[in-house]
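Numbering (the numbering used here), first residue to last: 1152 to 1621.
Ideal Cβ positions, reconstructed from N, Cα and C, are used throughout, including at glycine.
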């Protein structure tokens, strides 16, 4: 899921920002070099950050720390991209008062900065113990999806539609009204989820001073406590939705008042000798790639090698980085020439991007696949389902119950007291599709089957309130 956020909801929208914001502001991108660093850092680092959604679970500890470490690294490139977008408006901040397109773009970039600050924050194990499975994570996702993606898309539509139909926007006042109710709506929406998530997380994790009993043993108590914030979420979502309807009407009237543009534009084309001529050998056999791979191998040595050897690998990685920087300063023009040539050749560029993305996934997945299955099982005995249990599981999977109920009891005292013994990796090693879940709208169900009688489950399905008041 995190990788979908990275490569479906982040990088394409950043492309929109870098292309359309300079046009709307009538200013060049603040720093082309910073945009290059931003792109390659996101492409390489993002894939490594996925395990931060599985902290304090049965996932191997080295993989949890790897996800947390790379998530924290994402702070730098993400905020570099945000500042690059905001500083593109230098000398044109007056447009923020008069142009609704610029309003939407700048608000969206600000939400991008907020989301990419909050994401690494939530990847810290201590914070994640509070936030995960709660509405706080949902608020984080929606600040990115609605605040960053949604507002950026609205600004794009308002800028592009009049130009496609050779006319002016039908109502600038309506566009400004849309901006303000969307902004207020998303702030209500996200703030309500933050409050609800933190409140419920604190209640679910609360234990008595002796650490022997839960302060709020009934899960429904925590749900009832967050009704008010969730009502504000409804208000905020309604405002945001109404804003989108206003935009649709405004754009429809704009299209009605114009006519589709059909014109010719002259562009400069590169000669054949300048593009699509870079062999793959030249792409990979060069100093930039060699130094990057060498440094990466040494860092992996720090992660996987035994004690003392891993520290030696880390020291070597630091020395290697210093050598690489000196080499770059000596051969700056050669490295720049190689990169400019790479940009003019789509196949080597695509292959290099693919390798950068896949590397992190392979390094995380392969060790967990090839490691001893007996070690993964951790004394768990796999008992085949009975026919009735199998029929029930099919219903559970087909109804998507794992979207609201987790089956992963974390290695935390409150989780163990509330749901039973913590989950082991071996309990779900053959479970496809996965049932770990990522949100607890209701309680965890990993061990609920043996705790209640069949009649309780039957009556709970027919009339939930008769078995769980509230």
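C-beta contact flag for residue i and residue j at 9 Å
i: residue 1203; j: residue 1279; result: yes
i: residue 1496; j: residue 1405; result: no
i: residue 1348; j: residue 1287; result: yes
i: residue 1285; j: residue 1352; result: yes
i: residue 1475; j: residue 1446; result: yes
i: residue 1452; j: residue 1461; result: yes
i: residue 1504; j: residue 1194; result: yes
i: residue 1305; j: residue 1398; result: yes
i: residue 1430; j: residue 1499; result: yes
i: residue 1356; j: residue 1276; result: no
i: residue 1560; j: residue 1597; result: yes
i: residue 1587; j: residue 1553; result: yes
i: residue 1555; j: residue 1591; result: yes
i: residue 1315; j: residue 1412; result: yes
Euclidean distance between Cα positions of residue i and residue j
i: residue 1331; j: residue 1282; result: 29 Å
i: residue 1326; j: residue 1177; result: 20 Å
i: residue 1613; j: residue 1604; result: 15 Å
i: residue 1410; j: residue 1266; result: 39 Å
i: residue 1484; j: residue 1478; result: 11 Å
i: residue 1320; j: residue 1313; result: 6 Å
i: residue 1189; j: residue 1225; result: 10 Å
i: residue 1223; j: residue 1186; result: 19 Å
i: residue 1577; j: residue 1181; result: 51 Å
i: residue 1340; j: residue 1293; result: 8 Å
i: residue 1172; j: residue 1253; result: 8 Å
i: residue 1593; j: residue 1372; result: 11 Å
i: residue 1467; j: residue 1443; result: 14 Å
i: residue 1212; j: residue 1565; result: 20 Å
i: residue 1544; j: residue 1583; result: 11 Å
i: residue 1263; j: residue 1465; result: 33 Å
i: residue 1214; j: residue 1515; result: 7 Å
i: residue 1480; j: residue 1473; result: 11 Å
i: residue 1374; j: residue 1567; result: 19 Å
i: residue 1168; j: residue 1271; result: 22 Å
i: residue 1246; j: residue 1394; result: 21 Å
i: residue 1595; j: residue 1610; result: 19 Å
i: residue 1415; j: residue 1175; result: 21 Å
i: residue 1482; j: residue 1494; result: 19 Å
i: residue 1380; j: residue 1291; result: 15 Å
i: residue 1328; j: residue 1308; result: 15 Å
i: residue 1432; j: residue 1441; result: 13 Å
i: residue 1518; j: residue 1607; result: 42 Å
i: residue 1179; j: residue 1234; result: 14 Å
i: residue 1363; j: residue 1617; result: 29 Å
CB-CB length for residue i against residue j, believed under 8 Å
i: residue 1236; j: residue 1198; result: Not a contact, Cβ separation roughly 23 Å.
i: residue 1407; j: residue 1344; result: Not a contact, Cβ separation roughly 38 Å.
i: residue 1303; j: residue 1164; result: 5 Å
i: residue 1258; j: residue 1334; result: 6 Å
i: residue 1200; j: residue 1221; result: 5 Å
i: residue 1192; j: residue 1228; result: 3 Å
i: residue 1350; j: residue 1359; result: Actually they are not in contact, since the Cβ atoms of residue 1350 and residue 1359 sit about 19 Å apart, beyond 8 Å.
Proximity to residue i [Cα-Cα], best of the options
i: residue 1370; options: 1570, 1190, 1415; result: 1570
i: residue 1585; options: 1593, 1557, 1431; result: 1557
i: residue 1392; options: 1354, 1211, 1336; result: 1336
i: residue 1318; options: 1401, 1227, 1600; result: 1401
i: residue 1153; options: 1273, 1254, 1239; result: 1273
i: residue 1376; options: 1593, 1354, 1396, 1482; result: 1354
i: residue 1390; options: 1542, 1239, 1297; result: 1297
i: residue 1196; options: 1183, 1217, 1210, 1184; result: 1217
i: residue 1289; options: 1276, 1269, 1308; result: 1269
i: residue 1492; options: 1450, 1540, 1428; result: 1428
i: residue 1310; options: 1179, 1214, 1255; result: 1255
i: residue 1249; options: 1228, 1239, 1359, 1322; result: 1322
i: residue 1540; options: 1508, 1365, 1600; result: 1600
i: residue 1489; options: 1448, 1506, 1437; result: 1437
i: residue 1209; options: 1617, 1606, 1618, 1580; result: 1580
i: residue 1157; options: 1617, 1563, 1295, 1454; result: 1295
i: residue 1471; options: 1448, 1486, 1615; result: 1448
CB contact below 9 Å: residue i versus chain C
i: residue 1582; result: The structure shown contains no chain C; it holds only a single protein chain.
| task | Any chance you could list the alpha helix (DSSP H) runs of at least 4 consecutive residues sitting entirely within the region 1369–1456, in chain order? | result | 1370–1375, 1378–1408, 1431–1435, 1438–1455
| Which runs of the alpha helix (DSSP H), 4 residues or longer, sit entirely within the region 1294–1336? | 1302–1315
| request: Pick out the complete alpha helix (DSSP H) segments inside the region 1190–1250, 4 residues or longer, and give them in chain order. | output: 1212–1224, 1226–1238, 1246–1249
| task | Taking only runs that begin and end inside the region 1246–1293, name each unbroken beta strand (DSSP E) of 3 or more residues, in chain order. | result | none
| Whole alpha helix (DSSP H) runs in the region 1534–1564 with 4 or more residues, listed along the chain? | 1538–1549
| Every unbroken beta strand (DSSP E) inside the region 1560–1597 [3 residues or more] | none
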